[in-house]
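Residue numbers (the working numbering): 242 to 380.
C-beta atoms are modelled at their ideal positions from N, C-alpha and C, and glycine is treated no differently.
All figures in this text were calculated on a predicted structure; none of them were measured in a lab.
Only one structure is covered here, and it is reproduced in the block below.
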């Protein structure tokens with residue numbers, strides 16, 4: 242069951258109404274676990290897997306460029322624009338999503354799966370864990 246959150250109501254409504262989950266690839270592309278129904282990877286894997294995936298930060302523009310910065314190489318696609326932005330993306334591209342703590346990126350992963358994306362994950366613990374591991378950031 243997908244949690245409800247007033248801040249992400251529209252996204253949560255979309256997720257609730259699109260229960261179909263794509264068939265996962267036959268060979269795992271990442272060491273995925275599931276949290277609240279959505280796929281996750283560790284921050285160590287996300288940082289260490291190089292440019293084998295698209296890294297998408299779903300926070301607000303202010304958070305992305307703020308004091309915490311963003312993961313090196315991440316592109317900004319705020320959660321409230323993700324559905325519209327992703328319509329032209331390759332459904333088979335590997336996409337790693339990150340936010341501050343992992344909540345919004347979990348919602349984003351569920352949204353993209355509901356849209357038919359087959360290789361999408363959220364970074365467990367988000368930027369808080371990215372910082373805790375001393376990984377490179379940009380501002």
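Short of 6 Å from the beta carbon of residue 288, and not among the five residues preceding or following it, lie these beta carbons of its own chain, in chain order: 376. Closest by C-alpha distance to residue 358, out of 369, 313, 342, 330, is 330.
With fewer than 16 other beta carbons inside 10 angstroms of its own, residue 313 counts as exposed.
Counting along the chain, no alpha helix (DSSP H) covers residue 334, and no H or E run does either. In terms of Cβ geometry, residue 361 and residue 354 form a close pair [threshold 7 Å].
According to the DSSP assignment, residue 299 belongs to no alpha helix (DSSP H), since it is labelled neither H nor E.
If you ignore the 5 residues before and after residue 316, its C-beta comes within less than 8 Å of the C-beta of 295, 296, 297, 298, all in its own chain and listed in chain order. In this structure, the beta-carbon distance from residue 345 to residue 369 does not fall below 7 Å.
Between residue 337 and residue 282 the beta-carbon gap is near 7 Å, inside 8 Å, which marks them as a contact. In the displayed model, residue 325 falls within a helix according to three-state DSSP. Taking every protein chain shown into account, the CB of residue 343 has 16 or more other CB atoms within 10 angstroms, so this residue is buried.
Excluding the 5 residues flanking it on each side, residue 275 has no same chain C-beta neighbour closer than 6 Å. A buried status is given to residue 304, since no fewer than 16 other beta-carbon atoms sit within 10 Å of its beta-carbon.
Within the same chain, 310 come within 6 Å of residue 380 by CB-CB distance, once the 5 residues on both sides are set aside.
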